[in-house]
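*Asks:*
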Amino acid sequence: MKAFANLYSALDETTATSEKVSALVRYLAAVPSADAAWAVHFLIGRRPTRLVSAPKLREWAAAEAGVPEWLFEESYHQVGDLAETVSLLIPDGPTGAAERTLAWWVEQRLLPLRGLPDVAQRALLVTAWRELEGRERFVWTKLLTGSFRVGASERLVVRALATLSGITPEAVAHRLMGAWEPTAAFYESLIAPDTSDADRSRPYPFYLAHSLEGNLEELGPSSAWQAEWKWDGIRAQLVRRDGATWLWSRGEELLSGRFPEIEEASRLLPDGTTLDGELLAWRDDAPQPFALLQQRIMRKAVSRKMLGEIPVILMAYDVLELAGADVRSKPLVWRREALRALLESIPSHGRFLLSPLVPLLDWNELALARAEARARGAEGIMLKRIDSPYGVGRRRGDWWKWKVDPLSLDAVLVYAQAGHGRRAGLYTDYTFAVRDGDALVPFAKAYSGLTDEEIRRVDAFVRANTLERFGPVRTVRPELVFEIAFEGIQRSTRHKSGVAVRFPRIARWRTDKRAQDADTIESLR
């Protein structure tokens, strides 16, 4: 555990990619395989579901620290991170306890917490806290709360594993996809030099696009590019092997059972086929709102009624495997033609559609097409170089997404709460409202979009203009106006405003406007 805590510190204390990779390689080379497996598991973002509720954690930590609950809560609000608060307030345990392996701390102290009655859960938790020193207790509690994050992306972990093992990053990334258990045996297979293995259900790493930032002309001649609509659905890979089908989301979640009509239609595909595409709620030859698709994704068992009310298709835009052969290295123009031929070779069933191309005679024509995207139910345009292979992860150069401009309106800051982690101690989490006559109706929360200097100015305003306090939340004098941007909007019975917005963020601080100049509830609706 001490070695893993040291790795956490090493990754957290540098921004240099080479230093992060070196720290990962040193750690993985030095620890037992079981520890390495758990470290990889956590570092690439996998984590156990919350094992102990936050209120219980705070109550038991306050008791163990010997401070009243109100003082623990004040400390937590000041620090902004529960694990750090625990590590600071609870006295250090006996030296040497943290020398036990990471696997031991996870398998003997962390996972056994699941399902225990409160008395037993508290006893095991307190035992662990007493055995650990500050930094190790901090990292272990981070794992416990499910909030473990550190400055090492999955790509850096893959790079470190490839450096250590001598196999290609692509092979490592492929082995990390799908469902696997963090065991010593798995880790040893992960870095094994023979790369002919293949878990038959495993998808390929997804290739992701960067947002287009410059001018279209900087991409060169338009003839070198293919344009498609950017659909607002769930990115997915359909894997058909050995007579079975697996449907994977971009987040490596197995979706099997949630879209039975897609799995049923996949039986028409030949074995050894993997398609990349977008799951879309689809009716009358048009995409339906993403909120309808969310209703499907939230249910593992789908009723016949829901199947009829929210039909789903796979908008296919790439083929990654044909007849069991990995074709990702083929140029896009080749894969596109192979995909078209494949879909035309199977009986028509309406569940797999070939993503239509957007006419691209020149860049001006593409800009006009992008203006029509929202009316077509799309988020914008995808640009892909026709000679590009299907890569791994998010890389610049070959694939770009050119999204439509977001929707926006002007709203008033009404509530503020302190942030967490590096933003602890500053009021950075905001709730915004629109006007309804003389009243203000909250409609969105936003946490991003301001510069560090603007955050400090808003923080000072919040502290000087607090009207009421409700725990960590402050009601502030309604004077500051901000432009709030968002990607989508729909009616909602769960929100006081009657409206829910998707991906809200602060576009700019409207210092030129007063609260009475903000938009109204009628505009929002």
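The sequence shown begins at 1 in my numbering and counts up by one. We treat Cβ as the ideally placed atom computed from N, Cα and C, and that holds for glycine.
Using beta carbons (cut-off 8 Å, strictly below), is residue 21 in contact with chain D?
*Replies:* Note that chain D does not occur in the displayed structure, where there is just one protein chain.
*Asks:* Can you tell me whether DSSP reads residue 186 as helix, strand or coil?
*Replies:* Here residue 186 corresponds to residue number 186 of the sequence shown, with the count starting at 1. Residue 186 falls in the helix class under three-state DSSP.
*Asks:* Can the beta-carbon of residue 245 be found less than 8 Å from the beta-carbon of residue 322?
*Replies:* Reading the sequence shown from its first residue, position 245 is the one you call residue 245. Reading the sequence shown from its first residue, position 322 is the one you call residue 322. For residue 245 and residue 322, no; Cβs fall outside 8 Å.
*Asks:* Buried or exposed for residue 119, please, with buried defined as at least 16 other CB atoms from any protein chain shown within 10 angstroms of its CB.
*Replies:* Numbered from its first residue, the sequence shown carries residue 119 at position 119. Exposed.
*Asks:* Leaving out the 5 sequence neighbours to the left and right, which residues in its chain are closer than 8 Å to residue 138 when beta-carbon positions are compared?
*Replies:* Against the sequence shown, residue 138 aligns to sequence position 138. Correct list, in chain order: 5, 83, 84, 86 and 87.
*Asks:* From residue 71 to residue 309, what distance separates their C-alpha atoms?
*Replies:* For the purposes of this step, residue 71 is taken as residue 71 along the sequence shown, with counting starting at 1. For the purposes of this step, residue 309 is taken as residue 309 along the sequence shown, with counting starting at 1. C-alpha separation (whole angstroms): 52 Å.
*Asks:* Is it true that the stretch 27 to 47 meets the stretch 55 to 70, where meeting means three or more beta-carbon pairs spaced less than 8 Å apart?
*Replies:* no
*Asks:* Closer than 8 Å by C-beta to residue 193: which residues in its own chain qualify, once you throw out the five before and the five after it? Chain order, please.
*Replies:* Numbered from 1 along the sequence shown, position 193 holds the residue referred to as residue 193. Cβ within range, chain order: 165, 166 and 167.
*Asks:* First and last residue of the alpha helix (DSSP H) that includes residue 167?
*Replies:* Numbered from 1 along the sequence shown, position 167 holds the residue referred to as residue 167. Per DSSP, residue 167 belongs to no alpha helix (DSSP H) and is neither H nor E.
*Asks:* With DSSP collapsed to three states, give me the class of residue 349.
*Replies:* Stepping through the sequence shown from its first residue, residue 349 is reached at position 349. DSSP places residue 349 in coil when its eight states are reduced to three.
*Asks:* Within 8 Å, do at least three Cβ pairs link the stretch 385 to 394 to the stretch 350 to 359?
*Replies:* no
*Asks:* Below 8 Å between beta carbons: does that hold for residue 486 and residue 510?
*Replies:* Position 486 of the sequence shown, counted from the start, is the residue given in the question as residue 486. Position 510 of the sequence shown, counted from the start, is the residue given in the question as residue 510. No, they are not a contact pair.
*Asks:* Quick check: the Cα distance between residue 205 and residue 174, rounded to an integer number of angstroms?
*Replies:* Position 205 of the sequence shown holds residue 205. Position 174 of the sequence shown holds residue 174. C-alpha separation (whole angstroms): 6 Å.
*Asks:* If residue 212 and residue 401 are in contact, beta carbons under 8 Å, what's the gap, nearest whole angstrom?
*Replies:* Indexing the sequence shown from 1 puts residue 212 at position 212. Indexing the sequence shown from 1 puts residue 401 at position 401. Sure, about 7 Å apart at Cβ, within 8 Å.
*Asks:* Please confirm whether residue 149 and residue 9 have their CB atoms less than 8 Å apart.
*Replies:* The residue labelled residue 149 in the question sits at position 149 within the sequence shown. The residue labelled residue 9 in the question sits at position 9 within the sequence shown. Between residue 149 and residue 9, the C-beta spacing is not below 8 Å.
*Asks:* What are the partner residues of residue 417, as DSSP defines its beta bridges?
*Replies:* Counting from one through the sequence shown, the residue named residue 417 turns up at place 417. Per DSSP, 429 and 473.
*Asks:* Taking the alpha carbon of residue 239 as the point to measure from, which residue in 429, 269 and 233 has its own alpha carbon closest?
*Replies:* Residue 239 sits at position 239 when you count from the first residue of the sequence shown. Checking every option, the nearest Cα to that of residue 239 belongs to 269.
*Asks:* In terms of alpha-carbon separation, which member of 436, 366, 429 and 397 lies closest to residue 404?
*Replies:* Working through the sequence shown from its first residue, we reach residue 404 at position 404. Considering only alpha carbons, the answer is 366.
*Asks:* Taking buried to mean at least 16 other C-beta atoms within 10 Å of its own C-beta, is residue 357 buried or exposed?
*Replies:* Sequence index remark: in the sequence shown, residue 357 carries index 357 (1-based). By the 10 Å Cβ count, residue 357 comes out exposed.
*Asks:* Within the present structure, is the beta-carbon of residue 46 separated from the nearest heavy atom of the ligand ATP by less than 7 Å?
*Replies:* No copy of the ligand ATP occurs in the structure displayed, which carries no ligand at all.
*Asks:* Output needed for residue 222: all residues of its chain with C-beta closer than 6 Å, excluding positions within five of it in sequence on either side, in chain order.
*Replies:* The residue labelled residue 222 in the question sits at position 222 within the sequence shown. Only 360, 362 and 363 meet the Cβ criterion.
*Asks:* DSSP three-state label for residue 27, please.
*Replies:* Walking along the sequence shown from the start, residue 27 turns up at place 27. Residue state, collapsed to three classes: helix.
*Asks:* How would you label residue 329, buried or exposed, when you count the other beta carbons within 10 angstroms and need 16 or more for buried?
*Replies:* Along the sequence shown, read from residue 1 onward, the residue named residue 329 stands at position 329. That one is exposed.
*Asks:* Anyone know if the C-beta pair for residue 158 and residue 176 falls short of 8 Å?
*Replies:* Locating residue 158 in the sequence shown gives position 158, where the first residue counts as 1. Locating residue 176 in the sequence shown gives position 176, where the first residue counts as 1. Annotated as proximal: residue 158 and residue 176, with beta-carbon spacing under 8 Å.
*Asks:* When the distance is taken between beta carbons, is residue 521 closer than 8 Å to residue 448?
*Replies:* Here residue 448 refers to the residue found at position 448 when the sequence shown is read from its first residue. Here residue 521 refers to the residue found at position 521 when the sequence shown is read from its first residue. Contact flag unset, no.
*Asks:* Of the choices 99, 343, 22 and 113, whose alpha-carbon is the least far from that of residue 531?
*Replies:* Only positions 1 to 525 of the chain appear in the structure, and residue 531 is not among them; the question remains open.
*Asks:* For residue 446, I'd like the list of residues in its chain whose CB is within less than 7 Å of its CB, leaving aside the five on either flank, ordered along the chain.
*Replies:* Reading the sequence shown from its first residue, position 446 is the one you call residue 446. If we look at residue 446 and ignore the five residues flanking it on each side, its Cβ neighbours are 430, 432, 484, 504, 505 and 506.
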